[in-house]
Structure formats: structure tokens, C-alpha cells
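Engineer:
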Ligand code: SF4
Ligand code: SF4
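Numbering (our numbering), first residue to last: 288 to 740.
(1) Ligand 2 and residue 668: does any heavy atom of the ligand fall closer than 6 Å to the residue's C-beta?
(2) Apart from the five residues just before and just after residue 683, which ones in its own chain have a Cβ nearer than 8 Å to its Cβ?
(3) If residue 564 and residue 478 are in contact, beta carbons under 8 Å, what's the gap, nearest whole angstrom?
(4) For residue 504 and chain B, any beta-carbon pair shorter than 7 Å?
(5) By how many angstroms is the C-alpha of residue 626 removed from the C-alpha of residue 473?
(6) Between residue 328 and residue 407, which are expected to be in contact by the criterion C-beta below 8 Å, what is the C-beta distance as a whole number of angstroms?
(7) Less than 6 Å between C-beta atoms, sequence neighbours within five positions excluded: which residues of the same chain meet that for residue 514?
(8) Does any heavy atom of ligand 2 sit closer than 6 Å to the C-beta of residue 684?
(9) So residue 431 packs on residue 602, CB below 8 Å; how close in whole Å?
(10) Can you check whether the CB of residue 661 is closer than 7 Å to the CB of residue 544?
(11) Name the two residues that bound the continuous beta strand (DSSP E) containing residue 372.
(12) Could you give the distance in angstroms between the alpha-carbon of residue 556 and the alpha-carbon of residue 549?
(13) What's the call for residue 448, buried or exposed, on a 16-neighbour Cβ count within 10 Å?
(14) Can you tell me which of 702, 470, 623, 511 puts its alpha carbon nearest to the alpha carbon of residue 480?
(15) May I ask whether a heavy atom of ligand 2 can be found less than 6 Å away from the beta carbon of residue 714?
(16) Please list the segments of the beta strand (DSSP E) lying wholly inside the region 540-628, counting only runs of 3 or more residues, in order along the chain.
(17) Around the Cβ of residue 696, are there at least 16 other Cβ atoms within 10 angstroms (buried) or fewer (exposed)?
(18) Relative to the C-alpha of residue 470, which residue among 322, 420, 341 is closest?
(19) If you check the beta carbons only, do residue 504 and residue 465 fall under 7 Å apart?
Laid out in C-alpha cells, this is it:
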């Protein structure tokens, strides 16, 4: 018995010592822009696509096709209550309306189309009324919505009845992101550089449609003067550096507009819109009657990938098809993460359909076994790194022991879910998940409701 106890003490000491050694070994290195190939590679049509219809909190489409229908690329296959549309990204036969787990871990109905190799619809078949002039803002709005583009002044989903739209505050600021929050995702930066004229045209149209709003364009720091020369007539230029810290979206919004918007509140309820540059380019195509939004760009990166590559793929392609197009396969990696290293979501299947996703981050190294609640060693790294300046380790301990109401004075609702605390935690604790759980409970559970005070 005494021997067992002595062994246990030695084991515990060893574990504690390892944690401390790890703490000093692991200096925090935040993700930065990787080496990359600047070419955006067009990938071929897959044999089948699966187009999800449900994007909770944003949009819900009802299918306009049924199993057995033949569809052509560019044809509407789903429509929301407000007229937003989603499209067939390849031509083929609708095999079924199935359910799928999306890359955001949402269980959603989806239209499954099997490729029959037919041509897609021509622009004049998709847009029989041709280009839309901005002199008619209502027609422009209608065109943008019906082309699958989530433009700044459209409201998409089931969460907004027409009455609610009228009660929303006036749009005061539009922030267009020419750099992605996750530095490993290069789609916005490459589109900005390679389609500068079209970006300028998009900004000009946003300015015409929202003449009273402040318009910002974020750009990589090294492109500041280049961007000012081309875009400052239409937008204020906000240069951002290469590290994640400077790009956390809600921090960027706070810096530019002088207002902090809590994670659980939508930008639009504060008169603010944050839009990716790819949406602005898609808006130009829609208004000009060229194409609806049916292809998306995405960067594949990861520690074992020498040069990040960016591809353009038909929406609804599987992860397997997108990786396979670049000679990669999921079995060579321990975790495929859709998104980036900080906020991405690990996928369990390579059949997951990709739609509005901008990155895949492939992790190849061994992972430590998941420890449900690893003990906190009170090193304070999480709190030091937190941009929202909250006492992360204290809040976490309270949540762990179910003391949700005690967290109130420590403001867990200020958390952006940026992932920095978990990234630097030597104990690899599930910090963000605990905070997310706490905020979800407070907002949707029957516990303390933040808004009451
Ligand atoms: S995820 Fe962590 S570091 Fe980021 S804001 Fe929330 S508590 Fe702070
Ligand atoms: S939760 Fe925070 S204080 Fe605890 S071990 Fe992790 S980083 Fe250190």
C-alpha cells in the first residue's frame, strides 16, 4: 500500500513537472501568413454535389426541386422566405433531398445532384432581364438576393420578418475584409490583388447604394500604399498585420469604429456590416447579369504543407474532392479542420460538403489524447493573451463547477471565441468550449439573462 502511494506521488510530481517544463518550452507563436502559391487554381466539377439548405441564424432555403428533376448549373434549387436563392453548382439529376452534417456541425437538409456532364445555363437564361442599373436600388437589392449573394444591405433569413427589417438601425458602417481573420486563409488577399479593378467597381457600387455609410476596406499591411492608390476614393483603408492578434474580427471592428460588439450580438443590430471581399465580387457579377454565386475560393494549408494553395471549387463539393484535386487525401492527416487553426472545426468525414468555407487546415502531427477537463495549473497565460481582457482561468473554473451565476461580474459575454486562450494553454484545456457553453446557457438557458441589467 505504502509502495503504491509512493508511486502515485512520484507519478503526480512527474506530471506536474512535465506541465511546468512544457509551460516554459512552449513560447506562444501565433499563426502567421504561410508560404503560398499565389495562383487561384480552378478545380473541376465533381461527380456529385450536396448543397445544404440550412445556415442557422443566417438563412433557411426551401427546396424548389425534387428527386428525379434534371437541373443545370446556375439553376435555382432553393429559395428563402425573402427571396434569397441557392443554386445548382453543376448540371445533373437531383438524386434526393437528404440530410447532412455541414462543415459547421449543423444537421441540415441538402440537395444532392449527380453530374450528367451537361452544359450550365447561359447568362441570358439565368438573368433574362440583363444587367441591373443602380438607379433602381430596389431592383438591385432584389437581384443581389436572388443571386445567392449575401450583400451588405440584404437581410437573409427566417430570423427577420419584414416588420423586423424596418426596426433595424440605419446602416452606419460597412467593413469589407480584404484580409481574412485567420492568417492561413489567403482567399481575400489574393482576390484583392488579382481582381483589383473589379474590387474597385464593387466598392463604388456599395458606396452608391449606401451613400451615408462609412465604408472600410481591410488590407494586408504591406499593400497599404498600393491599396490607397486604387481604393481610397471609395473606402477608408485599414491595414492589418500578418499575425492573428491584429486580425481578430471583433477587435478590428472595435478599433475602427470605437465600439465593442459582443459575440452573441449581431453586427446588423448595431448598424454595422462586415463582408468578405468575395461577396463584393459576387455582387458585381450578379448585378451585371454574369453569374450567381456558385463557386467559392478556399485555401488549403497546414504545418505539413510547404506552400498553401488556394482553389476555386463548385459549392457543395466534398472535402474529399477538393483535397483530391491537389493530390491530398484525408488519411495522411490526423485532423482535417475546416477554417483555420484558431477557429476552424475538425471534420470526421471527407464527405462533408463545402460551401461558404474559405479554408482547410490539415494537421498531421500526433495529437495528445483528449483529456476531458485537464487540471488548470494557474499559469495565467490565457488571461494575459485574451484581447477581451477577461479573467479567463477564473471564469473557466467557475463554469467547470457549475457556478454560472458567479461568472456574471467577470463578463464572460465579452468573449469573442477567438481561440487564443486555448491556443496558448499548456494544459490544453477546452477553454473556449466552456466559455461558449456558459454564454449559451446564460443567453438561451433558464439561468441569469445578461440583458436584464
Ligand atoms: S476565446 Fe479566450 S482569448 Fe479569445 S476572447 Fe474568449 S476568453 Fe479571450
Ligand atoms: S486555463 Fe489558463 S491559467 Fe489554466 S493552465 Fe490553461 S492557460 Fe494556464
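Cβ coordinates follow ideal geometry from the N, Cα and C atoms, glycine included. Treat the numbers as computed from the prediction; the structure is a model and nothing was measured.
Structural biologist: Straight from the coordinates:
(1) yes
(2) Here the set comprises 663, 669, 716, 718, 721, 722.
(3) 6 Å
(4) Here chain B cannot be found, since the structure has a single protein chain.
(5) 11 Å
(6) 20 Å between Cβ atoms; not a contact.
(7) 506, 524
(8) no
(9) Not really, about 17 Å apart at Cβ, beyond 8 Å.
(10) no
(11) 372-374
(12) 11 Å
(13) No answer about residue 448 holds up, because its pLDDT of 44 lies below 50 and its placement is not dependable.
(14) 511
(15) yes
(16) 559-563, 582-588, 595-601, 622-625
(17) Exposed, since its Cβ has fewer than 16 Cβ neighbours within 10 Å.
(18) Between residue 470 and the set 322, 420, 341, the nearest pair of CA atoms involves 322.
(19) Yes; because the gap between Cβ atoms is below 7 Å, this pair is in contact.
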